[in-house]
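Novice: Questions regarding the structure given below will be posed in turn.
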Amino acid sequence: MELFSFVDDLKRMDKRQAIYQILNFGMIISTALMIWKGLMVVTGSESPIVVVLSGSMEPAFFRGDLLLLTNYQEEPIRAGDIVVFRIEGRDIPIVHRVIKVHEKDDGYVKFLTKGDNNQVDDRGLYSPGQLWLEKKDVIGRARGFLPYIGMVTILMNDHPQLKYLVLALLGFFVLIHREN
Amino acid sequence: MSNTATTSDASAKPVKVNKWDTNAVKNALDDACKKYFKETLNFTEDYSLMDGRLYISLFACLFSIYALIYDWFYPFPKSRSILIVCVISYFIVIGILTLYMYFIEHGKIFIGKLIDKTGLDSGLRCTISSKLKKYDDKYNLTLEYKEGTNKSTGSSGALITSIGNYFDEDGVLCYDRFTNDLKKISDQARLNARKAK
Chain W
304 MELFSFVDDL
314 KRMDKRQAIY
324 QILNFGMIIS
334 TALMIWKGLM
344 VVTGSESPIV
354 VVLSGSMEPA
364 FFRGDLLLLT
374 NYQEEPIRAG
384 DIVVFRIEGR
394 DIPIVHRVIK
404 VHEKDDGYVK
414 FLTKGDNNQV
424 DDRGLYSPGQ
434 LWLEKKDVIG
444 RARGFLPYIG
454 MVTILMNDHP
464 QLKYLVLALL
474 GFFVLIHREN
Chain Y
329 MSNTATTSDA
339 SAKPVKVNKW
349 DTNAVKNALD
359 DACKKYFKET
369 LNFTEDYSLM
379 DGRLYISLFA
389 CLFSIYALIY
399 DWFYPFPKSR
409 SILIVCVISY
419 FIVIGILTLY
429 MYFIEHGKIF
439 IGKLIDKTGL
449 DSGLRCTISS
459 KLKKYDDKYN
469 LTLEYKEGTN
479 KSTGSSGALI
489 TSIGNYFDED
499 GVLCYDRFTN
509 DLKKISDQAR
519 LNARKAK
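Next comes the structure, spelled out in structure tokens:
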């Protein structure tokens, strides 16, 4: 069968070629990793690209949109900015708009957020007893967006088998394909 | 056409590739050429070029692994400077690898040495490079012979044929036809090397 001709290709590979295939695979993964880390450093945010998971910011952002964030500490947070923040103790980042800001002379800032499509502000989402967010909770501010692309991530997170299948297939083809 | 290869090694099965995939075809021809030179002409392969490539790739991967581990133990803002160093170094090493593969390797598929057991000839070095353009059918094979210590003498032979000469309709490599042509140019080149000496 034509499909399994690569098995013969594999048998003909000598030891060094096999090591190179593995290193090639490692380099592809490393390139993706280094680009991600590079983005982290350039934007100053620990997660420079996030996917919008809920419809709470419609019609600005829909579920499945990809957001590019920056987290430059020098730029002040102002009412109207769209921030991505994480509530203490929870994993999932939330994308909402800042509606109230209080600033002290020494630079201490606290702010309140609300989703454009929500009826009430986010105090219901914050930890019990927490009324305001601080700079340390912020992952970044939304600077750019790509519509629809994040649906792939949402799909793969809802169906982990799909994610493992895609990764396994990609890894398999990279390891097998001999380009030289 | 029966391919009764009398070699008793494991790859005695005839090599079959997808004849429309120029990459697989080139790899098959390169492998057959290396096999001929190693088994029939008794050259010993010099792996230093390939090893160089492997070491540079390993070096690049080490940078990325280090960045990964460091960032795992000291989450983002603390690891910023290390990340900058690792990312920049990684891309520099990848650049070096690309330059290495393009300029230094440049299509060489085999470097071999023929050590004469009688000790009369100082070793004969052979460098083979091959080229097959993406959707082309002309396979370029270049042999370069250098006799021992005298670097100035040397000869080369070249073979430019259509891959259609060596593969049948099913994509099976006709090893004997290929080795006949290889024998012709290698003998010719070695003759020239002897004459020039």
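Line order of the protein sequences matches chains W and Y.
Residues are numbered in the numbering used here as their position in the first sequence, beginning at 1, plus a constant of 303.
Residues are numbered in the numbering used here as their position in the second sequence, beginning at 1, plus a constant of 328.
The beta-carbon is built from N, C-alpha and C at its ideal position, and this holds for glycine as well.
1) Using beta-carbon positions only, say whether Ile385 of chain W and Arg400 of chain W come within less than 8 Å of one another.
2) Give me, in chain order, the residues of the same chain whose beta-carbon lies closer than 6 Å to that of Ala451 of chain W; leave out the 5 immediate sequence neighbours on both sides.
3) Could you check the C-alpha separation between Val343 of chain Y and Ala356 of chain Y for me, to the nearest Å?
4) Give me, in chain order, the residues of the same chain whose beta-carbon lies closer than 6 Å to that of Ser359 of chain W; leave out the 5 immediate sequence neighbours on both sides.
5) With respect to the alpha helix (DSSP H) encompassing Asn421 of chain W, which residues constitute its N-terminal and C-terminal limits?
6) Work out the CA separation of Thr350 of chain Y and Thr470 of chain Y for me, nearest whole Å.
7) Going by DSSP, name the residue or residues bridged to Arg444 of chain W.
8) Just verifying my parser: in three-state terms, what is the DSSP assignment at Cys389 of chain Y?
9) Looking at C-beta atoms only, is the number of pairs between the region 359-368 of chain Y and the region 503-521 of chain Y that lie closer than 8 Å three or more?
10) Taking the alpha carbon of Lys347 of chain Y as the reference point, which residue from Y:Gly499, Y:Asp509, Y:Asn493 and Y:Lys511 has its own alpha carbon closest?
11) Comparing the C-beta of Leu411 of chain Y with each C-beta of chain W, is any distance below 8 Å?
12) Is the shortest distance between the beta-carbon of Phe401 of chain Y and the beta-carbons of chain W less than 8 Å?
13) With 9 Å as the limit, tell me which residues of the region 411-427 of chain Y have their beta carbon closer than that to any beta carbon of chain W; keep them in chain order.
14) Measure from the alpha carbon of Arg389 of chain W to the alpha carbon of each residue in W:Asp409, W:Ala382, W:Thr416 and W:Asp461, then state which is nearest.
15) Using 8 Å as the threshold, is the C-beta distance between Ile325 of chain W and Leu478 of chain W below it?
16) Between Tyr323 of chain W and chain Y, is any beta-carbon pair separated by less than 8 Å?
17) In three-state DSSP terms, what is Asn346 of chain Y?
18) Using a C-beta cutoff of 8 Å, does Met520 of chain W count as contacting chain Y?
19) Take Phe328 of chain W and list the residues in its own chain whose beta-carbon comes closer than 6 Å to its own, dropping the five residues that flank it on each side.
20) May I ask you to report which of helix, strand or coil DSSP gives Ser336 of chain Y?
21) Under DSSP, the alpha helix (DSSP H) around Tyr467 of chain W begins and ends at which residues?
22) Taking the DSSP output, what are the residues bridged to Arg400 of chain W?
23) For the putative contact between Gly432 of chain W and Leu369 of chain W, defined by C-beta atoms under 8 Å, what is the C-beta separation to the nearest angstrom?
24) What separation, rounded to the nearest whole angstrom, lies between the Cα atoms of Leu390 of chain Y and Asp496 of chain Y?
25) Please list the partners that Phe582 of chain Y has in chain W, where partner means a Cβ-to-Cβ separation under 7 Å.
26) Relative to the alpha-carbon of Asn468 of chain Y, which residue among Y:Gly380, Y:Leu427, Y:Ile513 and Y:Met429 has its alpha-carbon at the smallest distance?
27) Is it buried or exposed, Leu545 of chain Y, if we count other Cβ atoms within 10 angstroms and call 16 or more buried?
28) Against chain W, with Cβ distances strictly below 8 Å, would Tyr430 of chain Y count as a contact?
29) What are the start and end residues of the alpha helix (DSSP H) that includes Tyr473 of chain Y?
30) When you compare only the Cα positions, how much space is there between Ile338 of chain W and Leu470 of chain W?
31) What do you get for Val345 of chain W, buried or exposed, if any count of 16 or more other CB atoms within 10 angstroms of its CB means buried?
32) From the DSSP secondary-structure annotation, give me the bridge partner or partners of Val354 of chain W.
33) Going by alpha carbons, who is nearest to Glu482 of chain W out of Y:Ile437, Y:Lys523 and Y:Arg522?
34) Who pairs with Ser458 of chain Y in a beta bridge, going by DSSP?
35) In chain order, what residues of the same chain lie with their CB nearer than 6 Å to the CB of Ile410 of chain Y, ignoring the 5 residues before and after it?
Specialist: On the basis of the supplied data:
1) yes
2) According to the sequence shown, residue 451 of chain W is Tyr rather than Ala. So the qualifying residues of the chain are Gly367.
3) 7 Å
4) Gly418, Asn420 and Asn421
5) Neither: Asn421 of chain W is in no alpha helix (DSSP H) and is coded neither H nor E.
6) 18 Å
7) W:Thr373 and W:Val386
8) helix
9) yes
10) Y:Gly499
11) yes
12) no
13) Leu411, Ile412, Cys414, Val415, Ile416, Tyr418, Phe419, Ile422 and Leu425
14) W:Thr416
15) yes
16) yes
17) coil
18) Coverage of chain W is limited to positions 304 through 483, which leaves residue 520 of chain W absent and any answer about it impossible.
19) Val477 and Leu478
20) Low confidence applies here, because Ser336 of chain Y scores a pLDDT of 38, under 50, leaving its location unreliable; read the following figure in that light. Correct three-state label for Ser336 of chain Y: coil.
21) Pro463 to Ile479
22) W:Ile385 and W:Lys417
23) Not quite, the Cβ-Cβ distance comes to about 34 Å (not below 8 Å), so this is no contact.
24) 45 Å
25) Lying outside 329 to 525, the shown extent of chain Y, residue 582 of chain Y is not represented and no answer is given.
26) Y:Ile513
27) With chain Y covering 329 to 525 only, the question about residue 545 of chain Y has no answer from this structure.
28) no
29) Not the alpha helix (DSSP H): Tyr473 of chain Y falls in the beta strand (DSSP E), residues Lys466 to Glu475.
30) 18 Å
31) exposed
32) W:Leu369
33) Y:Ile437
34) Y:Leu469
35) Tyr398
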